[in-house]
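Everything below concerns the one structure shown next.
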Amino acid sequence: MSVLQKRIVLDCAPVVAFKVFTYDMAKWWPMDTHSISAGNGKLPANLIVERKEDGRILEIDNTGKAHLWGHFQIYQAPFRVLIAWHVNELPSKSTYIDVVFGMETNGKTVTALTHSGWDIFGDQEEQKRSDYDSGWDYVLGECYKNACQAASKEPMPVIESKVNTLKRRKKFGRPNNGSVTDTVQLVH
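Numbering (my numbering), first residue to last: -13 to 174.
Below, the structure written as structure tokens:
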């Protein structure tokens, strides 16, 4: 079966779109309807997003139990994330969510989401893909988009970029103590 693709155009900088998606996920994700706890008629206590490669996305239910939704296979701030996604499934049943944040020539930001790997579900492949198709329309197309619109009115976020850190090291050398202590503000 084909991949599922969603594309939304936003009136904010790509760095803002990335920040909202990763740093603010617990604020915009519709936990009351799209969570493991919601499936049990309850609200979760928290959503934890470990913003790094191999970082986990964890729902904490109202009893304190952690439920692993997935983990970042690629985390390239502020350009792209690839998530092995397995909400309510074993990690061996992961699908893959690839999200790219870019700018169009008209100055608008595009968040492009590609959700693949549906064949892991065998006979349930078509139903799972269909459920996520409508789910992403709401989660990405409404909840995330509204959060980006609200965030575009706030000051520009500061996000450290591994790419820019490596470029600075190459150009200026490593700091004497071997660590990078400054943060780069990315403006696109």
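We put the beta carbon where it would ideally sit given N, CA and C, even for glycine.
{"Check": "Cβ neighbours of Thr100 in the same chain (closer than 6 Å, five flanking residues each side left out)", "Outcome": "Val(-11), Gln(-9) and Asp84"}
{"Check": "Sufficient close CB pairs (3 or more, under 8 Å) joining the region 27 to 41 to the region 4 to 15", "Outcome": "yes"}
{"Check": "Beta-carbon separation (whole angstroms), Leu(-4) vs Lys94, contact threshold 8 Å", "Outcome": "7 Å"}
{"Check": "8 Å CB neighbourhood of Ser80 in its chain, flanking five on each side removed", "Outcome": "Gly56, Ala70, Trp71, His72, Gly103 and Ile106"}
{"Check": "Helix, strand or coil at Val(-5) according to DSSP, with G and I counted as helix", "Outcome": "strand"}
{"Check": "Beta-bridge partners of Met89, as assigned by DSSP", "Outcome": "Thr95"}
{"Check": "Lys51 burial status per 10 Å Cβ neighbour count (16 or more: buried)", "Outcome": "exposed"}
{"Check": "DSSP beta-bridge partners of Gly56", "Outcome": "Ile43 and Trp71"}
{"Check": "Beta-bridge pairing of Leu76 - partner residues as DSSP gives them", "Outcome": "Leu76 is not bridged to any residue."}
{"Check": "Cβ-Cβ distance between Ile60 and Glu39 below 8 Å", "Outcome": "yes"}
{"Check": "Delimiting residues of the beta strand (DSSP E) encompassing Asn32", "Outcome": "Asn32 to Val35"}
{"Check": "Exposure label - Pro64; buried when at least 16 CB within 10 Å", "Outcome": "buried"}
{"Check": "Range covered by the alpha helix (DSSP H) that runs through Tyr118", "Outcome": "Glu111 to Tyr124"}
{"Check": "Identity of the residues DSSP links to Gln135 by a beta bridge", "Outcome": "DSSP, once it has assigned bridges, lists no residue as partnering Gln135."}
{"Check": "Nearest residue (CA-CA) to Tyr130, options Ser78, Pro16, Gly88 and Arg66", "Outcome": "Pro16"}
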